[in-house]
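Each number in my numbering comes from the position in the sequence shown (counting from 1) with 2 added on.
One structure below.
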Amino acid sequence: MNEHAPDFSQDAIAATPAPAAPLPATAPSPTASAVRAAMPILLTLSFCHLLNDLIQSLLPAIYPLLKVNFDLSFAQIGLITLTFQLTASLLQPLVGIYTDRHPRPFSLAVGIGFTLTGLLLLSHAPSFPVLLLAAALVGSGSSVFHPESSRVARMASGGQHGLAQSIFQVGGNFGSSCGPLLAAFIVMPRGQTSVAWFAIAAILAIILLTRIGYWYREHLPAHRRAAKAAHAQSRLPRRTVVIAMGALIGLLFSKFFYLASLSSYYTFYLMEKFHLSAQAAQIHLFVFLGAVAAGTMAGGPIGDRIGRRVVIFASILGVLPFTLLLPHANLLWTTVLTVCIGLIIASAFPAIVVYAQELLPGRTGVVSGIFYGFSFGLGGLGAALLGVLADHIGIESVYGICAFLPAIGLLAWLLPKVEPKHPARA
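Right under this line is the structure:
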C-alpha cells in the first residue's frame, strides 16, 4: 500500500526549502487512509461483480446440457456465445461515452435487472432463437454494469488504481469460476429450469448496488473535479496514444481469443481427449477459472509496484511456453498447465485497463467501456470462429493452433511509459 511513499517524500523535500524529511515517514499515508475508508465500497462492488458474473457464467457452463436438449452443433454454441459477447461488446463503449458525460449512479442496479430478465428467460427457453434472446439480455446487463462499476472502483481506489481494479475484477473472476461448479451440482442434475434459482443472486445484487448508487451520487462532484484536473494534465501526443491503444487491442485479441478456447470449449476438449464426464470436466474448468481469479488479484497490485507495462508484457508473452506444451500433455499435466496459464495470463487485464485509463485520463467510462467491451466482443468472436473450426478439424487441433496466440504479446514493446509519478484519483 505504501510503495509510493519514498518517491513522494523525495519530491516534497525538493519542493520545500525547510528540511521536513522525517514527516512523510511517520505520518499515515493519505492514499492508504483513503483506500481503507473506501474498502467497504470496493468489497461490496466486487461481491456484486461476483454475483453478476456467476449468473453470466452459467450460460457456457450449461452448454453440454443445451447441446443435448436442443441438438446444437458447435457452431450454434459459438453463435450463442457470440450473441452474448457482441451485445455486451457493442453497447459498452456507448454506455461509457454517455456516462462520462451524464453519470447515472443507479445504472448499476438497472444493468443487473437486464441480467435477471435474461436469466429467467434462459431457464424456460423453448427454442434456439429464445436462447439467443436470453443471451442478448444477459449481454446487455453486462454492457450497463461494467463501465460504471469500473468507474466506481476507480473513485474508491484512493490512488491505488491497480489494487482497486484487481479487487473489483477478482469478484467477477470468482463468480465466473463458481458458475461452472454450481452448474455441475445444481443445473446439470435438475435440468434447464433450475437456472431460475439463481434469480436470488441477481435480486441481492440489485439491492446492494442500489446502496452503492447513493455513495456514488454523494462522491460524484469530487470525482468530476479530479477527472477534469487529470484530463488537463494529459501530455502524450495523439499519435502515441493511437499506437498504444492499437497495441493494447492487439494484446486483448491474443488474450481473449486464447481464453475463449478454454472457457467455451475446455470441457469438450477434456471429454473428447480424456473421456471425462461432463461433471468431471466442469470441475476442471472450475480449477482453471479459480487460477484466473488468483492471477487477476495479483496483476493490479504488482502493476502498482513495478509498472503496468512490465506486467502486460510478462503476462501475455510469458504464457507462451505453457500454451505450446498444453496440446501434448496428459490429464495431470493438462490441469497443471492450465492453472499456470490462468495465473499468468489473467494478471494482464487489470494492468491493461488501468494503463489505458492513465493513457486517457479523465475518460474512465469510455476506456472501461472500450476494454471491457472488446474483451467480451473478442471472446465472443473467438468462440464463434473456434466453434466453426472445431466442427471441421476437431477440438484437439484447435488447441494446437491457439497455442501460438500469446506470441502477439510482443506488441507490448510499443507501449509508452505512462504511469504517473503521483497516482491521481480521477
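Each residue gets a CB set at the ideal place from its N, CA and C atoms; glycine is no exception.
### Message
Quick check: aspartate 393 and phenylalanine 76, are their CB atoms within less than 7 Å of each other?
### Response
Yes. Within cutoff.
### Query
Below 7 Å between beta carbons: does that hold for tyrosine 374 and histidine 148?
A contact, by the Cβ cut-off of 7 Å.
### Task
Grab the span of the alpha helix (DSSP H) containing threonine 337 for me, first residue to last.
Residues 333–348.
### Task
Would you kindly check if the distance between the Cβ of serine 349 and the Cβ of serine 317 is under 7 Å?
Closer than 7 Å, so yes.
### Query
Do phenylalanine 258 and glycine 143 have their C-beta atoms within less than 7 Å of each other?
Not a contact, by the Cβ cut-off of 7 Å.
### Query
Do the CB positions of isoleucine 202 and isoleucine 114 come within less than 7 Å of each other?
The answer is no: Cβ separation not under 7 Å.
### Task
State the Cα-Cα distance for the pair glycine 173 and serine 263, rounded to the nearest angstrom.
The straight-line gap separating the alpha-carbon atoms of glycine 173 and serine 263 is approximately 22 Å.
#### Entry: Cβ neighbour criterion (16 or more within 10 Å) applied to asparagine 434
This structure leaves residue 434 out entirely; the chain is present only between 3 and 428.
### Task
Quick one: using the 10 Å Cβ neighbour count with 16 as the cut-off for buried, is leucine 291 buried or exposed?
Leucine 291 sits buried, since 16 or more C-beta atoms from the chains shown fall within 10 Å of its C-beta.
### Task
Check whether the Cβ atoms of leucine 135 and tyrosine 260 sit closer than 7 Å, and answer yes or no.
No, Cβ-Cβ distance for leucine 135 and tyrosine 260 is not below 7 Å.
### Query
Given a threshold of 16 other Cβ atoms within 10 Å of its Cβ, counted over all protein chains shown, does valine 244 qualify as buried or as exposed?
Under this definition valine 244 is an exposed residue.
### arginine 219 classed as buried or exposed, judged by whether at least 16 other C-beta atoms fall within 10 angstroms
Arginine 219 is exposed by the Cβ-count criterion.
### Query
Are the CB atoms of valine 112 and valine 70 nearer to each other than 7 Å?
Not in contact: valine 112 and valine 70 (Cβ atoms no closer than 7 Å).
### Task
Output the boundary residues of the alpha helix (DSSP H) element that contains aspartate 73.
Aspartate 73: not part of any alpha helix (DSSP H); DSSP gives it neither H nor E.
### Task
Helix, strand or coil for glutamine 162, going by three-state DSSP, please let me know.
Coil.
### Task
Report yes if the C-beta distance between leucine 222 and proline 105 is below 7 Å; otherwise report no.
One thing to note: leucine 222 has its Cβ within 7 Å of the Cβ of proline 105.
### Message
Using 8 Å for Cβ pairs, my map puts phenylalanine 315 next to isoleucine 343. What's the rounded Cβ distance?
### Response
With a Cβ gap of about 16 Å, phenylalanine 315 and isoleucine 343 do not count as contacting.
### Query
Out of curiosity, what's the CA-to-CA distance linking cysteine 50 and isoleucine 57?
When rounded, the distance between both Cα atoms is 11 Å.
### Task
Find the nearest neighbour of isoleucine 410 within the set Arg192, Leu133, Phe255, judged by alpha-carbon distance.
The shortest C-alpha separation from isoleucine 410 is found at Phe255.
### Message
Given this structure, state the Cα-to-Cα distance separating glutamine 87 from tyrosine 65, to the nearest angstrom.
### Response
Glutamine 87 and tyrosine 65 have their alpha carbons spaced roughly 15 Å apart.
### Task
Give the secondary structure of arginine 241 by DSSP, where H, G and I count as helix, E and B as strand, and everything else as coil.
Helix.
### Query
How many angstroms separate the CA atom of proline 30 from the CA atom of glutamine 162?
In this prediction, proline 30 has a pLDDT of 42, which is less than 50 and means its spatial position is unreliable; what the coordinates show is noted afterwards. For the pair proline 30 and glutamine 162, the Cα-to-Cα distance works out to about 15 Å.
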